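Counted the way the UniProt record's numbering counts, the sequence shown spans residues 1 to 458.
Notes to accompany the following structure.
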Amino acid sequence: MGSVPLLTSLSDSRNIATCLFFGCCFLVAYRGIADFEQQKHPPLLLGTLFLVLPFLPAANLVVTVGFVVAERVLYIPSLGMVLLLVYGAQLLWGVFLRQRSLLLCAGILLLLVFCGRTVARNRDWASRQALIRAGLKALPRNAKLHYNFANFLRDTGQLDLATRHYREALRLWPTYASAHNNLGTLMSGTDEAESHFLAAIRYSPNHVNAHYNLGQVYRKVNRSEEAARMLERCVRLDAAYTPAYLLLARLYQGQEGRGPAVGRLLRHVARLQPNSPDHLAELAAWLHEQGYNLEAFFYYNKALRINPTHTEALLGAAKLLRAKGQYARIHQFKYRVHSSRNRNTNLPVGVITIHTENNYYNSLNMEVTSRQEDKLCPNSKDDLQEVSVNAEDVPSMADHREQGSNKSRQTRCGTAAGNNRSRGRRSSPRNSRPQTATRNIKVEPPSLLVQNLLETLK
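Structure follows, in structure tokens:
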């Protein structure tokens, strides 16, 4: 990984330290094995085993693991080191009887030094930036550290500095596929971005994000066939990569005869992530465009059950009801949006304009907000069967029941019963006067009548 420069000649001074280290290891191992039958020094052998064996998989001797030393691989070896140190201190304490005070001072000094190193290392773990900077200071030739620091800079909006560290990582490791992919996302020109994505695919043929990003570049320059091929490749590499399904569906929407394929893709996305209101609302919007109003309303309801304040689902369901002339039910959506805006300040202001009177809202001006820009994702081609919606499966769009006495639903529902009672007797003028609701009663919208909704949307 370039963290430690390799030894290229015997005259390198680092060979002396290497020989001393391995010589001490062999002496300790020999002493522990030679006295194994008499068991004179069992802590010596046990400490050596704890120190060496757990570290071998991460020592880059058998396979390349991508790093030199990390705290996470030193926990068990540290047990062996502590055991050897304590056993050595015990032997010194028994041999140097007259210098025990000196040994005690040396031990205290050693503890203070390691405590200071621990405090200094804890400061490096205070934040992500501090940790990466400490790593770069210790290992400036490590490509992964430059890559991680570039990711941090990109996340914090420092794009120019991030580009520089990505290029430094590629200089140290030219075949670093992830660095090529991330650098391509920062390139303003499509040609340079395409070259980096192609390099990432060349060095890592199964790199899903690189295929998706390349498909996105091809889509922007109207190379639809190549974009579709890259996205289909994403699907084959990772069948659960939902962004590729969404981008492929949007790519097919502009092509003739691709309507069924778009439906299958959107349904499959909804099947992969059934708890995502964004994907459910997008499927419902496509169904509404195709004229499947009942099924579209079902998915809008499903999205609203997950997130009752989902803007796109609220607007889509309200538009669907308005197209069918269900203004009484639109009133419930107005109430829900008005209530959600009071509770959730993140709901975009200006999307919905509401004018209120005593009990009803007079007008509703709705605009569908622009969908979010495409993100990196993959796609799959599994066919989905048509969803059959039963009457009992369609949920109510209102969570509260009417408590006031001046609601239109009760007036309509009570008309038939009132007519039957008025046939045998004449209502008195006092009874015929409309009762006024008290000021303290909270007016809430009526719940949706599922049967009426089904009859309307047929």
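No residue lacks a Cβ here, since even glycine has one placed at the ideal position from N, Cα and C.
Since this is a predicted model, take the numbers as computed values, not measurements.
Item: Is there contact here, the stretch 203 to 219 with the stretch 242 to 252, by at least three beta-carbon pairs under 8 Å?; Value: yes
Item: Considering only residues of the stretch 168 to 215, which uninterrupted alpha helix (DSSP H) runs meet the minimum length of 4 residues and lie entirely inside it, listed in chain order?; Value: 177 to 186 and 190 to 203
Item: Alpha carbon to alpha carbon, what distance is there between S276 and residue 490?; Value: No answer is possible for residue 490: it lies beyond the span of the chain, which begins at 1 and ends at 458.
Item: If you draw a straight line from the C-alpha of Q90 to the C-alpha of T118, how long is it?; Value: 25 Å
Item: Kindly indicate the opening and closing residues of the alpha helix (DSSP H) around P77.; Value: Y75 to V95
Item: Would you report the Cα separation of T185 and T175, rounded to the nearest angstrom?; Value: 17 Å
Item: If I measure Cβ to Cβ from L159 and keep anything under 7 Å in the same chain, skipping five residues before and after, which residues do I get?; Value: L186
Item: Going by the beta-carbon positions, is the gap between L51 and L84 smaller than 8 Å?; Value: yes
Item: Quick one: Cα of Y292 to Cα of R229, how far?; Value: 30 Å
Item: Would a C-beta distance cut-off of 8 Å place A270 and A313 closer than the cut-off?; Value: no
Item: Are there 16 or more other CB atoms within 10 angstroms of the CB of L266, so buried, or fewer, so exposed?; Value: buried
Item: Check S224 in the structure and name its three-state DSSP category.; Value: helix
Item: Would N122 pass as a contact of I132 if the rule is Cβ separation under 8 Å?; Value: no
Item: With burial defined as no fewer than 16 other Cβ atoms inside 10 Å of the residue's Cβ, what is the status of I16: buried or exposed?; Value: exposed
Item: Which residue from G215, G135, V235 and L104 puts its Cα closest to that of A70?; Value: G135
Item: May I have the straight-line CA-CA distance separating L214 from A239, to the nearest angstrom?; Value: 18 Å
Item: Just the Cα atoms here: how many angstroms apart are F22 and T242?; Value: 52 Å
Item: Which residue marks the beginning of the alpha helix (DSSP H) containing E312, and which one marks its end?; Value: T311 to A323
Item: Select from R141, G107 and D155 the residue whose C-alpha is nearest the C-alpha of Q129.; Value: D155
Item: Quick one, are the C-beta atoms of L56 and V62 less than 8 Å apart?; Value: yes
Item: Going by DSSP, what residue range makes up the alpha helix (DSSP H) through A261?; Value: G259 to L272
Item: Distance check for A143 and N179, CA to CA, integer angstroms please.; Value: According to the sequence shown, residue 179 is Ala rather than Asn. Their backbone Cα atoms lie some 9 Å apart in a straight line.
Item: Leaving out five residues before and five after E168 in sequence, what residues of the same chain have Cβ atoms less than 7 Å from its Cβ?; Value: H146
Item: Beta carbon of I201, beta carbon of A193: below 8 Å?; Value: no
Item: Whole angstroms is fine: what's the gap from R14's alpha carbon to S3's?; Value: 15 Å
Item: Mind checking R100: buried by the 16 CB within 10 Å criterion, or exposed?; Value: exposed
Item: Is it buried or exposed for residue 465, if we count other Cβ within 10 angstroms and need 16 for buried?; Value: Residue 465 is absent from the model: the chain starts at 1 and stops at 458.
Item: Rounding to the nearest angstrom, what Cα-Cα distance links P5 and H310 in this structure?; Value: 55 Å
Item: If contacts are defined as beta-carbon pairs under 8 Å, then L103 and F96 qualify, I think. What distance do you get, rounded to the angstrom?; Value: 6 Å
Item: With DSSP as the reference, label H41 as helix, strand or coil.; Value: coil
Item: As a quick exercise: from H279, V113 and G107, pick the residue whose alpha carbon is nearest that of L92.; Value: G107
Item: Nearest-angstrom Cα distance between S188 and S195?; Value: 12 Å
Item: Taking the alpha carbon of Y203 as the reference point, which residue from T190, W173 and D191 has its own alpha carbon closest?; Value: W173
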